[in-house]
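Student: So the sequences go chain by chain: A and F. Our numbering puts the first residue of the first sequence at 332, with every later residue one more than the last. Our numbering puts the first residue of the second sequence at 1186, with every later residue one more than the last. Here a beta-carbon is modelled for each residue, glycine too, at the ideal position from N, C-alpha and C.
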Amino acid sequence: MKEKHEERLVALAGNPNCGKSTLFNAITGARQHVSNYPGITVEKKEGYYSLNGQQFRLVDLPGTYSLTAYSPEELVARDLLVQDRPEVVVNIVDASNLERNLYLTTQFLELGIPVVVALNMMDVAASRGIEIDVDKLAQRLGLPVIATVARSGKGKDLLLQTVANFAASHSNWAPIRISYGSDVDLALDSMEREILTAQFLTDRYPARWTGLKYLEADEPIMNQGRQCNPQVATRLEEMANRLTEHMQKTLDSYPEAIIADHRYGFIAALLKDGVVGRSQGIDRLYLSDRIDRVATNRFFGPLLMLAILYAVYQVTFEYSEIPVRWLETGFAWLSSLMERLLPPGPLKSLVISGIIAGAGGVLGFVPLIILMFLAIAVLEDSGYLSRVAYMLDRVFRTFGLHGSSVMAYIVSGGIAGGCAVPGVMATRTLRSSRERLATLLTAPFMNCGAKLPVFAMLIAAFFPAKRALVMFLLTLFSWCAALLLAKLIRSTILRGPSTPFLLELPPYRLPTFKGLFIHTWERTWQYIQKAGTTILAISVLLWALMNYPSLPEDQKHAFDMERQSITTSLPEELRETVIIDRNGAQLSAQIAEAQRQIREVDHAEALNALKHSFAGRLGIALERLSRWCGFDWRINIALVGGFAAKEVIISALGTAYSLGKTEADKSTSLSQRMASDPQWSPLSAFALIAFIMLYAPCFATVACIIKESGSWKWGIFSMVFNSTVAFMAAALIYQGGRWLGIGT
Amino acid sequence: MAKKTILLRHMAEGQAGLIYQVKAQGELGRRIRDMGLVPGTRIQVQGRAPLKDPVAIRTRDFTLTLRNNEADLIHVEVECGE
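#1: Grouping DSSP H, G and I as helix and E and B as strand, with all else coil, what is residue 864/A?
#2: Residues in the region 629-643 of chain A with C-beta within 7 Å of chain F's C-beta atoms, listed in sequence order?
#3: Would you grab the beta carbon distance between residue 426/A and residue 461/A for me? Rounded to a whole angstrom, and I think it's under 8 Å.
#4: How many Å lie between residue 340/A and residue 778/A at the Cα?
#5: Using a Cβ-Cβ cutoff of less than 6 Å, which residues in the same chain neighbour residue 274/A once the five nearest sequence positions on both sides are dropped?
#6: Taking residue 376/A as part of the beta strand (DSSP E), name the residues at either end of that continuous run.
#7: Have a look at residue 644/A and residue 983/A and give me their C-alpha separation to the nearest angstrom.
#8: Go ahead and label residue 1188/F buried or exposed: buried means 16 or more other beta carbons lie within 10 angstroms of its beta carbon, across all protein chains shown.
#9: 7 Å is my cut-off, CB to CB: does residue 1221/F come that close to chain A?
#10: First and last residue of the beta strand (DSSP E) that includes residue 1260/F?
#11: In whole angstroms, give me the CA-to-CA distance for residue 1043/A and residue 1037/A.
#12: Does residue 399/A have its Cβ less than 7 Å from a Cβ in chain F?
#13: For a minimum of 3 consecutive residues, which ranges assigned as the beta strand (DSSP E) are wholly contained in the region 544-617 of chain A?
#14: Secondary structure at residue 462/A, three-state DSSP: helix, strand or coil?
#15: Where residue 848/A and residue 856/A are concerned, what is the direct C-alpha to C-alpha distance, given to the nearest angstrom?
#16: Comparing C-alpha positions only, which one of 703/A, 828/A and 683/A sits nearest to residue 1211/F?
#17: To test your reading of the DSSP string, which unbroken beta strand (DSSP E) runs of 3 or more residues are found completely within the region 1195-1238 of chain F?
#18: Tell me, please, which residues DSSP counts as bridged to residue 1250/F.
#19: Going by beta carbon distance, what residues of the same chain come within less than 6 Å of residue 1011/A, once the five residues before and after it are set aside?
#20: Residue 732/A and residue 768/A: beta carbons closer than 7 Å?
#21: With a CB to CB cut of under 6 Å and the five nearest residues on each side skipped, what residues in its chain are close to residue 563/A?
#22: Helix, strand or coil, according to DSSP, for residue 451/A in the structure here?
#23: Straight-line CA distance for residue 1203/F to residue 1256/F?
#24: So, residue 424/A versus residue 440/A, is the Cβ gap smaller than 7 Å?
#25: Spell out whether any CB of chain F is found under 7 Å from the CB atom of residue 597/A.
#26: Any chance you could list the alpha helix (DSSP H) runs of at least 4 consecutive residues sitting entirely within the region 699-768 of chain A, in chain order?
#27: Quick one: grab the DSSP three-state call for residue 985/A.
#28: Taking only beta-carbon atoms, is residue 517/A less than 7 Å away from chain F?
#29: Please report whether the beta-carbon of residue 591/A lies at a distance below 7 Å from any beta-carbon of chain F.
#30: Can you find a C-beta in chain A that's less than 7 Å from the C-beta of residue 1215/F?
#31: Quickly, what does DSSP pair residue 387/A with across the bridge? List them, please.
#32: From the DSSP output, which residues share a beta bridge with residue 1192/F?
#33: Within 10 angstroms of its Cβ, does residue 1265/F collect 16 or more other Cβ (buried), or is it exposed?
#34: So, are the CB atoms of residue 1018/A and residue 1072/A less than 7 Å apart?
#35: Name the chain F residues whose beta carbon is nearer than 8 Å to that of residue 588/A?
#36: In whole angstroms, what separates the C-alpha of residue 823/A from that of residue 1067/A?
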């Protein structure tokens, strides 16, 4: 017997869309914890509840249709069941979709793990005229079956009570023996004998189940077998091969197909003779089908989809504007506080430009992320996201992506002005790994909100007559680039056939507030925790790059002297005013002129300091390469700064073009300055735009790519690959244009 | 009434039939079977996406969508006639 105070493990399993997370939330409430299974992107959700003074740990297994080993979700679910051996598996079964849901249940029965069935969505089933005899079903399955409605919490208490009782009385695994037809049964019997005599993997799996997996050609199990006992493994493989050959010859089929057929036969037998009653015809049109008549209609479907995606974009970016501004104001206030409190010097600069700016960069995204996740949760929980994938799959598949990729693209800036950070995180709705990786690697090519001011400034300077048109063309350009590069990635490093589509269109459902809240909060918190630390560290590093080494003392001194000489050239009584009130509004022309001169000296010093720093040296060193694109070292520094955040490009250009911060904010002065610079032409401006659109994502995005892909490799890849693509595109534009004599 | 076997891709909207054979192997085959598309199962074509691919079918009380190249591997027995 277990000790009373010991924590007891219960697993929650079921098909996608069966109401599993709703039930999980109803049971555990806020007492839950989300993490990732190591090395893969499958979310691991755990929660706690107590009953009769006992503490239970509830693990929410990923939603799967079966327990095979093709997807990481299925493998994770199976490994957890076998390794952690939960006392009970609560198998949630959608009562309105019983047959297919019982397929997973059948596989639990084969494994023999103690199962309690939660027959969920009884209300939906009833509304569809499906009546289920719960007692009869329990009797046939040989398992406790509890009717539940997860949304209202109905049946929850009885379920938990049953789980506690069942765990106490069923501590052993008791696999059932399903007949898979005489051929398979015969082979399975001899395999079982072989396995039992050799004690082959029997510490982990039931003998017959191992045999079954050999017949299903289950790679992970076969690998374990080879390691455990190569001789027995070879014999089992031979037996499986013999049966496969035999079945191909006689039935034109495979053991795993025959096994699946018999599982469904087993289910059909379970459900006959009055377990399921239907009061209306099967072909009755459900409400969902009626909605789909319009929502996926050839003509209205795409229109409605455009409207909804545009609304998501609007909600995310419009409504986040105000809280983002609050945060900005808050951080500005904090900066000015530190400005006053700290003595001048490197510490002050580190706190203000490194830490506060870095933390601001992280937290500034939070309102955006909350709203984006909320919008996605609404689309996902309501079932609409599946329809989007269904309608757009044909387009995206051409480029090696998946219908669901559209969400990530839109949020990243597919409608100009998004943000790649939530965009990369939005790829979580994609279940197929190659497509997901290709999507999250190409989403940053979209024109995010931080690139827009840079584009706006350059367009104002060089294409003033056709601003809207150019902006629109840039959006098209970024879509083409993202899709074509996705195709390139999918046909080279992520080559491979597309993952089977087979997408279920779940019935439309009204999302619950609790579900939306929990989904949104847990994902946002993950972002703040994990991405936050990385981004903060890197923004401090970038600060150091742009500030060190600082100017040698003699140069600093020379600038001080220059400022002093400007001040001393003024009449005695005005000197104080110049130094103290440097931003005064109404001053005499003489003072204003002196201040302008001092500012120019300040800018010159800032420029020299930047040139002297590591970042500046890098910019100068990069000139050798960037000449091909028509960029000089000043642009290079701005682009290096753009790694931290694309917004930095404008302010760094401001510094590089000797403009004060206040003036650079009005991008007109910067664009005038650049337009009148002989070194600049529409052609080089266009090359710069192309480069900024395509080059390495900002660090916040890279941190997210690393987190979402589960590997540093892809973060580094995105920086190198994107920058290479950007360089080639910009060089092609610049050199090609010069050769053709366009826009020079 | 006479029966004939056609590919799921060639079924008309609203047409129903019984699955005769699933030719898919490996991962795709397993996915198709996991979704309950095994011989003898009744399916009905619900509709097609705006670009005519994927196809949506109703089977076992739920709606499933699959790409045309996946539907090509599923042979369905339908009733003859118009």
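Tutor: Taking the coordinates as given:
#1: Correct three-state label for residue 864/A: helix.
#2: So the list reads 629, 632 and 633, given in the order they occur along the chain.
#3: Rounded, the Cβ-Cβ distance is 7 Å, consistent with contact.
#4: Taking C-alpha positions only, residue 340/A is separated from residue 778/A by approximately 47 Å.
#5: There is no way to answer for residue 274/A, as the model of chain A reaches only from 332 to 1075.
#6: Taken as a continuous stretch (DSSP letters only), the beta strand (DSSP E) holding residue 376/A covers 374-382.
#7: Spanning the two alpha carbons is a distance of roughly 29 Å.
#8: So residue 1188/F counts as exposed.
#9: True, the Cβ-Cβ gap to chain A drops below 7 Å.
#10: Looking at the DSSP string, the run of the beta strand (DSSP E) that includes residue 1260/F is 1259-1264.
#11: Cα atoms of residue 1043/A and residue 1037/A: separation of roughly 5 Å, rounded to the nearest angstrom.
#12: Any Cβ of chain F closer than 7 Å to the Cβ of residue 399/A would place that residue at the interface, and such an atom is present.
#13: Runs found: 607-609.
#14: Strand, per DSSP.
#15: Approximately 12 Å, taken between the alpha carbons.
#16: Check the Cα spacing between residue 1211/F and each of 703/A, 828/A and 683/A: the tightest is with 828/A.
#17: List check, beta strand (DSSP E) in window: 1201-1207 and 1227-1233.
#18: For residue 1250/F, which the question treats as bridged, DSSP gives the partners 834/A and 1241/F.
#19: Cβ contact annotation for residue 1011/A (same chain, cutoff 6 Å, sequence separation greater than five): 1005, in chain order.
#20: No, the Cβ-Cβ distance between residue 732/A and residue 768/A is not below 7 Å.
#21: Around residue 563/A: 529 and 531.
#22: It is a strand residue.
#23: Roughly 14 Å between the two C-alpha positions.
#24: Not a contact, by the Cβ cut-off of 7 Å.
#25: The C-beta of residue 597/A comes no closer than 7 Å to any C-beta of chain F.
#26: The region 699-768 of chain A contains these whole alpha helix (DSSP H) runs: 715-729, 736-740 and 751-757.
#27: In the structure shown, residue 985/A sits in a helix (DSSP, three-state: H, G or I).
#28: By this cut-off, residue 517/A is not an interface position.
#29: So yes, residue 591/A belongs to the interface.
#30: Yes, residue 1215/F lies at the interface with chain A (some Cβ there is under 7 Å from its Cβ).
#31: According to DSSP, residue 387/A bridges with 339/A and 380/A.
#32: According to DSSP, residue 1192/F bridges with 1260/F.
#33: By the C-beta density criterion, residue 1265/F is exposed, having fewer than 16 other C-beta atoms within 10 angstroms.
#34: No, Cβ-Cβ distance for residue 1018/A and residue 1072/A is not below 7 Å.
#35: Under the 8 Å cutoff, chain F gives 1207, 1214, 1218 and 1223.
#36: Distance between the alpha carbons of residue 823/A and residue 1067/A is about 27 Å.
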